[in-house]
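Participant: The following block contains the structure, expressed as structure tokens.
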Amino acid sequence: MSRANELIRTTPVGVLFIVALCSLTFCWQNLASERAEYNFTMNPQAIIFQHQFYRIVTSSFLHGSMFHIAANMMAFLTMGTHLERTFGTLWHLTTILWSVVLVSCAELLMAVFAMYVCGWTGWIDGHSLGFSGTLFHLLVIQCKINPSMDQSVFGLFRVSSKTYPYASLVAIQLILPNVSFLGHLCGIIVGEIHTMGYLNCILPSAQRLRLLDESTLTRRIISSGRENYVKTPFSDDIFNTSFARRESSPSSLSSRRTAVVRFLSTGCNFVKDAVLSLKVMIFGRGDVNENIRLSETEISTLLVGIGDSQHGDGEGEWDGLETIPLSDQNESQFI
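Residue numbers (the working numbering): 1312 to 1646.
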């Protein structure tokens, strides 16, 4: 019991709030009727066509099993505590709130893209739930503030801090194939966008968070015995280092633009050649290889030669071949 009290005393209040919220939600899932959580999971079809927008938020705090919530909360206790002590309680809670919304919106956009562009409805019809999308967002931030630290992937091998989120994404998918690959991937995407500084326009600044730390409500929370409330750091260095938008020089932008154009051009040529090759393999040459087609005069000469060989003495190597009519020259030659 003393260890539990010590854990509660030393854990930041924002982490305790999220753990308590997810735990209470999981208890409600077990007490409610069977499949009741399906009314609150992440289901792009229900959001788009039935306008159930609350699923964007509620799906992140639901979990499918005891193992699911235990794994997520244990990872969050370690990672969330470190981030909250680094950036403060208010930053941590606002980042989690925005992460829940943005990760779900990213899943929604990916599902719509897969359906309308690729014709695949697996993502838009499926149900997903869990806090792991936000965990991957926070994981990218943690790796950003510790760039020189190598990370161990389930004790199997070590990778650099920059590639650790992607290695974890692949490893988890291989070990647990039923987890939501899309949700984890969208968490990484949102995390990368955040660390590039493109979310600074919607997240409160460090100065605004310091003012909120001095508000009456915050003081009441602190005076009520919550010594584990973490105030926003007085220095902006950690925020500028982790979430500052990088400014590129014109020459750098030009070289990047040239590289992107070259990459897209190479990719388009590859796709075009691959499609033409598949067309030849499936439907025959037909109109594909115009550059090697013989003219009508050459074909007539060739056919006359073949006809002469058919009326010969029957001892030639090419005896017995049928004459190919000119009207059938565009038909497939592959059986």
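Every residue gets a Cβ at the ideal spot worked out from N, C-alpha and C, and that includes glycine.
Everything numeric in this text was worked out from a predicted model, so none of it was measured.
Do the CB positions of residue 1479 and residue 1464 come within less than 8 Å of each other?
Facilitator: As a first step, residue 1479 must be located in the sequence shown, where it is residue number 168. As a first step, residue 1464 must be located in the sequence shown, where it is residue number 153. For the pair residue 1479 and residue 1464, the CB atoms are nearer than the 8 Å cut-off.
Participant: Let me know if residue 1348 comes out buried or exposed under the rule of 16 or more other beta-carbons within 10 Å of its beta-carbon.
Facilitator: Within the sequence shown, the letter at position 37 stands for residue 1348. Buried.
Participant: If you follow the alpha helix (DSSP H) that residue 1479 is part of, which residue opens it and which one closes it?
Facilitator: Indexing the sequence shown from 1 puts residue 1479 at position 168. 1475-1486 is the span of the alpha helix (DSSP H), which, as asked, contains residue 1479.
Participant: In this structure, how does DSSP classify residue 1442 when only helix, strand and coil are distinguished?
Facilitator: Here residue 1442 refers to the residue found at position 131 when the sequence shown is read from its first residue. Reduced to three states, the DSSP call for residue 1442 is coil.
Participant: Assuming residue 1336 contacts residue 1372 under a Cβ cut-off of 8 Å, what Cβ separation, rounded to an integer in Å, is found between them?
Facilitator: Residue mapping note: residue 1336 aligns to position 25 of the sequence shown, counting from 1. Residue mapping note: residue 1372 aligns to position 61 of the sequence shown, counting from 1. Confirmed, Cβ separation roughly 5 Å.
Participant: Once you ignore the five residues that flank residue 1544 on each side, which residues in its own chain have a CB closer than 6 Å to its CB?
Facilitator: In the sequence shown, the residue the question calls residue 1544 occupies position 233. If we look at residue 1544 and ignore the five residues flanking it on each side, it has no Cβ neighbours.
Participant: For the stretch 1491-1506 and the stretch 1440-1455, state whether three or more C-beta atom pairs, one from each stretch, are separated by less than 8 Å.
Facilitator: yes
Participant: Check residue 1412 in the structure and name its three-state DSSP category.
Facilitator: Reading the sequence shown from its first residue, position 101 is the one you call residue 1412. Of the three classes helix, strand and coil, the one that applies to residue 1412 here is helix, per DSSP.
Participant: Closest by CA to residue 1316, which one among 1518, 1539, 1526, 1551?
Facilitator: On the sequence shown, residue 1316 is found 5 positions in, with the first residue counted as 1. Residue 1316 has its Cα closest to that of 1539, out of 1518, 1539, 1526, 1551.
Participant: Does DSSP put residue 1463 in a helix, a strand or coil?
Facilitator: Locating residue 1463 in the sequence shown gives position 152, counting from the first residue. In the structure shown, residue 1463 sits in a strand (DSSP, three-state: E or B).
Participant: At the level of alpha carbons, what is the spacing between residue 1374 and residue 1380?
Facilitator: As a working mapping, residue 1374 is identified with position 63 in the sequence shown. As a working mapping, residue 1380 is identified with position 69 in the sequence shown. Their Cα atoms are separated by approximately 6 Å.
Participant: Between the C-alpha atoms of residue 1397 and residue 1403, what's the straight-line distance to the nearest angstrom?
Facilitator: Sequence index remark: in the sequence shown, residue 1397 carries index 86 (1-based). Sequence index remark: in the sequence shown, residue 1403 carries index 92 (1-based). If you take the alpha carbons of residue 1397 and residue 1403, they lie about 9 Å apart.
Participant: Would you kindly report the start and end of the unbroken beta strand (DSSP E) that includes residue 1470?
Facilitator: Numbered from 1 along the sequence shown, position 159 holds the residue referred to as residue 1470. First-last of the beta strand (DSSP E) with residue 1470: 1468-1470.
Participant: Look at the Cβ atom of residue 1451, then the Cβ atom of residue 1503, and state whether they are nearer than 8 Å.
Facilitator: By one-based count along the sequence shown, residue 1451 stands at place 140. By one-based count along the sequence shown, residue 1503 stands at place 192. Cβ distance < 8 Å, so residue 1451 and residue 1503 count as in contact.
Participant: Which of the three DSSP states, helix, strand or coil, is assigned to residue 1507?
Facilitator: For the purposes of this step, residue 1507 is taken as residue 196 along the sequence shown, with counting starting at 1. Three-state result, residue 1507: coil.
Participant: Looking only at its own chain, which residues have a Cβ that is under 7 Å from the Cβ of residue 1411, when we skip the five neighbours before and after it?
Facilitator: Working through the sequence shown from its first residue, we reach residue 1411 at position 100. For residue 1411, where only same-chain residues beyond five positions count, the Cβ hits under 7 Å are 1368, 1371, 1445.
Participant: What span of residues does the alpha helix (DSSP H) with residue 1381 cover, start to end?
Facilitator: Position 70 of the sequence shown, counting from 1, holds the residue named residue 1381. First-last of the alpha helix (DSSP H) with residue 1381: 1377-1398.
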